[in-house]
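Participant:
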DNA sequence: GCTGATCCTGACCGATTGGTCAAATCAAGT
DNA sequence: ACTTGATTTGACCAATCGGTCAGGATCAGC
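Protein chains in written order, with the working numbering: chain C, 115 to 322; chain W, 115 to 322.
1. Give me the Cβ distance between residue 196/C and residue 224/C, rounded to the nearest whole Å; I'm assuming they're in contact under 8 Å.
2. Which residues in chain C have a C-beta closer than 7 Å to the C-beta of residue 277/W? List them in chain order.
3. Can you find the residues in the same chain that come closer than 6 Å, C-beta to C-beta, to residue 181/C, ignoring five residues on each side of it along the sequence?
4. Does residue 249/W get closer than 8 Å to chain C when you measure Cβ to Cβ?
5. Which value, in whole angstroms, describes the spacing of the CA atoms of residue 281/C and residue 161/C?
6. Please specify which runs of the alpha helix (DSSP H), each continuous and at least 4 residues long, are wholly inside the segment 144 to 173 of chain C, giving them in chain order.
7. Buried or exposed: residue 252/C, going by 16 or more other Cβ atoms within 10 Å of its Cβ?
8. Going along chain C, which residues have a C-beta under 8 Å from residue 150/W?
9. Hey, is residue 303/C's beta-carbon within less than 8 Å of any beta-carbon in chain W?
10. Would you mind stating whether residue 299/C and residue 254/W have Cβ atoms separated by less than 8 Å?
11. Which chain C residues sit within Cβ distance under 8 Å of residue 254/W?
12. So, with DSSP's three-state summary, where would you put residue 274/W?
13. According to DSSP, is residue 267/W part of a helix, a strand, or is it coil?
14. Considering only the alpha carbon of each residue, which of 185/C, 204/C and 139/C lies closest to residue 166/C?
15. By the 10 Å Cβ neighbour count, where 16 or more other Cβ atoms means buried, how is residue 198/C classified, buried or exposed?
16. Would residue 119/W count as contacting chain C if we go by Cβ distances under 8 Å?
17. Take residue 88/C and list the residues in its own chain whose beta-carbon comes closer than 7 Å to its own, dropping the five residues that flank it on each side.
18. According to the Cβ coordinates, are residue 309/C and residue 218/C closer than 8 Å?
19. Does chain W have any CB closer than 8 Å to the CB of residue 292/C?
20. Thinking C-alpha only, which one of 208/C, 137/C and 305/C is nearest residue 316/C?
21. Under the three-state reduction of DSSP, which class applies to residue 129/W: helix, strand or coil?
22. Are the C-beta of residue 266/W and some C-beta of chain C separated by less than 8 Å?
23. With a 10 Å radius around its C-beta and 16 neighbouring C-beta atoms as the bar for buried, classify residue 321/W as buried or exposed.
24. Check whether the Cβ of residue 177/C lies closer than 8 Å to any Cβ atom in chain W.
25. Using a cut-off of 7 Å between C-beta atoms, extract the partners of residue 280/W located in chain C.
26. Check this for me: beta carbons of residue 239/W and residue 294/C, under 8 Å apart or not?
27. From residue 124/W to residue 133/W, what distance separates their C-alpha atoms?
28. Taking just the CA atoms, how far does residue 151/W sit from residue 183/W?
29. Does the distance from the C-beta atom of residue 351/C to that of residue 189/C stay below 8 Å?
30. Since residue 228/C is in the alpha helix (DSSP H), which residue starts that stretch and which ends it?
31. For residue 319/C, which residues in chain W fall below 8 Å Cβ to Cβ?
32. CB residue 267/W to CB residue 275/W, shorter than 8 Å?
33. Taking a contact to mean a Cβ-Cβ separation below 8 Å, would you say residue 243/C touches residue 287/C in this structure?
34. Can you pull the chain W neighbours of residue 259/C, defined as C-beta to C-beta under 9 Å?
Structural data, given as structure tokens:
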């Protein structure tokens, strides 16, 4: 058995060249999938944006579904991290504000991923219902219990924990998903404004 | 000249039958466009859902673009109404809370329209940038000025008015656009919870 | 500079796309 | 019943879709 690789089997040291091409494909695919959704995206579009022929794209990924699945998989890996980062031992208001800031930073740094996710949900979550059920939901239940505990201790204002989480998702992802609208209605970089506003809003809401 | 009709020209009393068929088409098209976006939607899907053949659909609407444009037009007519409904002479906090409630009700009653709009924005707003620039933006500028006036009078807490509006849009539309996620993470009808939460949140934020 | 594996593409395939058209059907006067 | 216009559809079209395939480039190791 050869030395352990990140790929579990069959591939003896995946060439850097291959990884680079795969990245170029995924980069291009993210652009198009985030904009037009799965069904509205064509392989020709992705291939052209990636600067290669369609058969070559299919040499790296067996099908359109595979490209999309890979993007979603990579995305969902990172999606739960901020929620997991809430420290049950920390100061409640500050912990939630930290979560808000991390989520907002993710929307700011990865807007296409946010739009990809949004489009998937709008389409009825056909490809990620498993993730939502097995990955997100248990973590939400856990976090809701934690928040309820904080409220019971009087360390947090009495709010509906589920609605609190929904509101954080809505407010942070909005800046990525509706960027086109924001840019037209109020042009200019509003990232700082958004951060300050959310800080103010949740501090007022949550301070007991 | 015949008696005035709702259609300004050429059509002498559009038959009720035609309007009924058009409605059936638009109803089916809204389902599909809201779910899959413009490019991801096919005329065959719409025709099948509307219970007719594709050529017959094209007898009522000259093209796929026309169906989509009609849906967007009808939607945008209603979209600005709640924002226009803010009364400059009213009590500031209550006026904004009323706007929040009306917007939430719209998302609750017309979730497909909300998703259609969201998908259009995510796709870069190619077909509604005119509406955003000519319809929404001036109204936003107006409302922002109104809110700034209220803040200057000390009748509203000092918040960024632009961010305030964005937050209202995000929080209300979220319940329609991300319904699939909400249903999985926290099943059951949460409409009442959402209303109460938003009321609490904005009251705390805006009360001077 | 030969060889074998990897990488890449033009040409092509059947299915599906938005849209057309001629002909069939329907509804309503007369 | 007959005519007229509005409605509906099967058959069809060129373009595009996801995907295949045979063969040409390109590269590393020798």
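Glycine included, each C-beta is placed from N, C-alpha and C at the ideal position.
Source: prediction; values computed, not measured.
Facilitator: Once the coordinates are examined:
1. The Cβ separation is near 12 Å, so there is no contact.
2. What residue 277/W touches in chain C, judged by beta-carbon distance under 7 Å, is 307, 308 and 311, going in chain order.
3. Cβ within range, chain order: 143 and 175.
4. It does not; no Cβ of chain C falls within 8 Å.
5. Taken atom to atom, the span from the alpha-carbon of residue 281/C to that of residue 161/C is near 37 Å.
6. With a minimum length of 4 residues, the continuous alpha helix (DSSP H) runs that stay inside the segment 144 to 173 of chain C are 157 to 164.
7. Exposed, because fewer than 16 other Cβ atoms sit within 10 Å of the Cβ of residue 252/C.
8. Going along chain C in sequence order, the residues near residue 150/W (Cβ under 8 Å) are 151, 153, 154 and 237.
9. Not one chain W Cβ lies under 8 Å of residue 303/C.
10. Result yes, Cβ atoms of residue 299/C and residue 254/W sit closer than 8 Å.
11. Neighbours of residue 254/W on chain C, chain order: 299 and 300.
12. It is coil, neither helix nor strand.
13. DSSP, reduced to helix, strand and coil, places residue 267/W outside both helices and strands of the structure shown, so it counts as coil.
14. Residue 139/C is the option with its Cα nearest to residue 166/C.
15. In the assembly as shown, residue 198/C is an exposed residue. Its beta-carbon has fewer than 16 other beta-carbons within 10 Å.
16. A caution first: residue 119/W carries a pLDDT of 36, below 50, which makes its placement in the model too unreliable to give a value.
17. Outside the shown range of chain C, which is 115 to 322, sits residue 88/C, and nothing can be said about it.
18. A distance below 8 Å separates the beta carbons of residue 309/C and residue 218/C.
19. It does; some Cβ of chain W falls within 8 Å.
20. Here the closest residue by C-alpha is 208/C.
21. Correct three-state label for residue 129/W: coil.
22. Cβ-Cβ to chain C under 8 Å: no for residue 266/W.
23. Residue 321/W should be labelled exposed.
24. Not an interface residue.
25. Per Cβ cutoff of 7 Å: 288 and 296.
26. Yes, these two residues count as a Cβ contact at 8 Å.
27. Because residue 124/W carries a pLDDT of 38, less than 50, the predicted location of this residue cannot be relied on, and no value is offered for it.
28. Whole-angstrom Cα-Cα distance: 13 Å.
29. Residue coverage of chain C in this structure runs from 115 to 322, which leaves residue 351/C outside it and unanswerable.
30. Where residue 228/C is concerned, the enclosing alpha helix (DSSP H) stretches over 225 to 236.
31. In chain order: 314, 315, 318 and 319.
32. In this structure, residue 267/W keeps its C-beta atom at 8 Å or more from the C-beta atom of residue 275/W.
33. At a Cβ-Cβ threshold of 8 Å, residue 243/C and residue 287/C do not count as neighbours.
34. Simply none; closest approach about 13 Å.
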